[in-house]
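*Asks:* The structure is given below, and queries will be raised subsequently.
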Amino acid sequence: VQLQAFGGGLVQAGGSLTLSCAASGSTDSIDHMGWYRQAPRKPRELVATFTSSGTTKYAESVKNRFTISKDNAKNTVYLQMNSLKPEDTAVYYCHAEDKQWYLDDYWGQGTLVTVSS
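Below, the structure written as structure tokens:
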């Protein structure tokens, strides 16, 4: 499975940005997809994800501002980010979990989101 993320960039505080992540390869092996981020000198953290049951899960810091969605036909997951804050600045990584729990997760290359104050 290969994941390719698009849509990062520079945006002013209060602005919006949409990230997309397209999966290719053995996409039938994917259980669910989501987004993580890593800010400088901080550990990688969950932003938003679909779960195995199809529900969504968000970090508290992005609830009511970010929305995750997907297009199963395109094997693509999106992250709509509104009301962006400087603390949202990070490299955003697309993530996918395999249906076989014992296999490693899949990660995209990361896309940088910079929010200026």
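Going from the sequence shown to my numbering is simple: count from 1 and add 42. Yeah, the Cβ is synthetic: ideal placement off N, Cα and C, and Gly gets one too.
If you follow the beta strand (DSSP E) that D70 is part of, which residue opens it and which one closes it?
*Replies:* D70 -> no beta strand (DSSP E), and no H or E assigned at all.
*Asks:* Measuring straight from C-alpha to C-alpha, what distance separates P85 and L126?
*Replies:* A direct Cα-to-Cα measurement between P85 and L126 gives close to 20 Å.
*Asks:* Buried or exposed: W77, going by 16 or more other Cβ atoms within 10 Å of its Cβ?
*Replies:* buried
*Asks:* Per DSSP, W143 is paired with what?
*Replies:* Bridge partners of W143: none, in fact.
*Asks:* Going by C-alpha to C-alpha distance, which of R83, E139 and E87 sits closest to T69?
*Replies:* E139
*Asks:* If V155 sits next to G50, beta carbons under 8 Å apart, how far is it from one beta carbon to the other, in whole angstroms?
*Replies:* 5 Å
*Asks:* What separation, rounded to the nearest whole angstrom, lies between the Cα atoms of Y148 and E87?
*Replies:* A straight line joining the alpha-carbon of Y148 with that of E87 spans about 15 Å.
*Asks:* Looking only at its own chain, which residues have a Cβ that is under 7 Å from the Cβ of Y100, when we skip the five neighbours before and after it?
*Replies:* Correct list, in chain order: A90 and F108.
*Asks:* Quick one, which of Q151, C63, M123 and A115 has its alpha-carbon nearest K105's?
*Replies:* M123
*Asks:* What's the gap between the Cα of V43 and the Cα of T153?
*Replies:* Looking at the backbone, the Cα of V43 and that of T153 are separated by about 18 Å.
*Asks:* Would DSSP call A55 helix, strand or coil?
*Replies:* coil
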